[in-house]
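In the numbering used here, the protein residues as written are 5 to 190. All C-beta atoms, glycine included, are put in the ideal place defined by N, C-alpha and C.
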């Protein structure tokens, strides 16, 4: 079966759709990303309908056979859309082991640090309709948690690079006393 150039539009719209919700580096997610996700999904579905009706037209003229490729791409696309929207905080290749969250809000932000089993972490600054995530690696030494951010150039206003970990209280106390203490989430 020959892969036609017109199917590249379906793949392009699928890639553009998922580039707004699946992130591999540091990112901020807000209502614009949700709008773009919906817009590119509609464009994907529109391109699918156009290709299907064009294929049906060509079948009626007996110039080509029915093509299953757009249908297969639609099923894969639909399955991924359902997975991404139903399980937004699911991690496929890593397992969260501990999650710490701020009790108080600072500048209407809730702060969160998630530690994973593969020695990586995510620090999240969560607003009502948006959140920003920074990623990196960590290590624990002598009751201290050391965070190594992937983006070394950015200066974070809400997170420290070194925390004292109190296992009895389940808290992370930043070295900088001006920042918030984070408590272990249940």
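Residue of 29, 51, 36 and 31 minimising C-alpha distance to residue 17: Distance from the Cα of residue 17 is smallest, within the candidate group 29, 51, 36 and 31, for 51.
Endpoints, beta strand (DSSP E) assigned at residue 107: In the DSSP assignment, residue 107 falls outside any beta strand (DSSP E), carrying neither H nor E.
Assign residue 23 to one of two classes, buried (16 or more other C-beta atoms within 10 Å of its C-beta) or exposed (fewer than that). With fewer than 16 other Cβ atoms inside 10 Å of its own Cβ, residue 23 counts as exposed.
Same chain only: Cβ atoms within 7 Å of residue 131, ignoring 5 sequence neighbours per side: Exclusion of the five residues before and after residue 131 leaves 112 and 113 as the residues of its chain whose Cβ lies within less than 7 Å of its Cβ.
Assuming residue 162 contacts residue 115 under a Cβ cut-off of 8 Å, what Cβ separation, rounded to an integer in Å, is found between them? Correct: roughly 5 Å between the Cβ atoms.
What residue range is occupied by the uninterrupted beta strand (DSSP E) comprising residue 187? Element bounds for residue 187: 186-188.
Would DSSP call residue 26 helix, strand or coil? Residue 26: coil per DSSP, three-state reduction.
Do residue 120 and residue 92 have their CB atoms nearer than 9 Å? No, they are not a contact pair.
Let me know if residue 117 comes out buried or exposed under the rule of 16 or more other beta-carbons within 10 Å of its beta-carbon. Flag for residue 117 reads buried.
Report buried or exposed for residue 154, applying the criterion of at least 16 other Cβ atoms within 10 angstroms of its Cβ. Around the beta carbon of residue 154, fewer than 16 other beta carbons sit within 10 angstroms, so the residue counts as exposed.
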